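Reading the sequence shown from the start, the letters are residues 1 to 79 in UniProt numbering.
Below is one structure, written out as structure tokens; the observations come after it.
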Amino acid sequence: SLDVMILGLHTVGIGSLLGAINFMVAVQNMRSIAMTLDQISMFVWISYLTSFLLVLSVPVLAGSLLFLLMVRNFNTSFY
């Protein structure tokens with residue numbers, strides 16, 4: 001049952017990563033041509049920064065969960 005929970009965390013991580021990429025692409029592509037990046041509201045900046053941090057941190061979590069699955073199922077010695 002713990003393996004299913006770890007796979008569930010992988011699924012949540014994939015969803016978060018895809019959502020963050022979607023928001024970053026939307027901010028870049030959906031703004032007006034005349035609007036520069038310093039004219040965007042603070043909410044959009046903070047959401048963009050949060051999405052960027054998610055893109056940086058979720059692959060690290062996914063890698064550690066993969067190592068944990070390999071330790072549990074294939075008796076490797078990562079941890």
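Each residue gets a CB set at the ideal place from its N, CA and C atoms; glycine is no exception.
Computed from a predicted model, the values in this text were never measured in an experiment.
Exercise. Ignore the nearest five residues each way along the sequence and tell me which others in Met70's own chain have a CB closer than 6 Å to its CB.
Key: Numbered from its first residue, the sequence shown carries residue 70 at position 70. The answer, listed in chain order, is Thr76.
Quiz item: Which value, in whole angstroms, describes the spacing of the CA atoms of Tyr48 and Leu65?
Solution: What you label residue 48 is simply residue 48 of the sequence shown in a count that begins at 1. What you label residue 65 is simply residue 65 of the sequence shown in a count that begins at 1. Using only the alpha carbons, I get a separation of about 26 Å.
Quiz prompt | Selection from Leu2, Gln28, Asn73 that minimises the alpha carbon distance to Ser51 | solution = In the sequence shown, the residue the question calls residue 51 occupies position 51. Cα-wise, what sits closest to Ser51 is Gln28.
Quiz item: What residue range is occupied by the uninterrupted alpha helix (DSSP H) comprising Gln28?
Solution: Here the question's residue 28 lines up with position 28 in the sequence shown. Unbroken alpha helix (DSSP H) run through Gln28: 2 to 30.
Quiz prompt | Cα-Cα separation, Gly15 to Ser1 | solution = Here residue 15 is taken as the residue at index 15 of the sequence shown, counted from 1. Here residue 1 is taken as the residue at index 1 of the sequence shown, counted from 1. Each residue's alpha carbon lies about 21 Å from the other.
Quiz prompt | Pick from Phe43, Ile33, Leu54 that is closest to Asn22, judged by C-alpha positions | solution = Counting from one through the sequence shown, the residue named residue 22 turns up at place 22. Checked all of Phe43, Ile33, Leu54; the closest Cα to Asn22 is Leu54.
Practice problem: Assign Ala20 to one of two classes, buried (16 or more other C-beta atoms within 10 Å of its C-beta) or exposed (fewer than that). | Solution: Here residue 20 refers to the residue found at position 20 when the sequence shown is read from its first residue. Flag for Ala20 reads buried.
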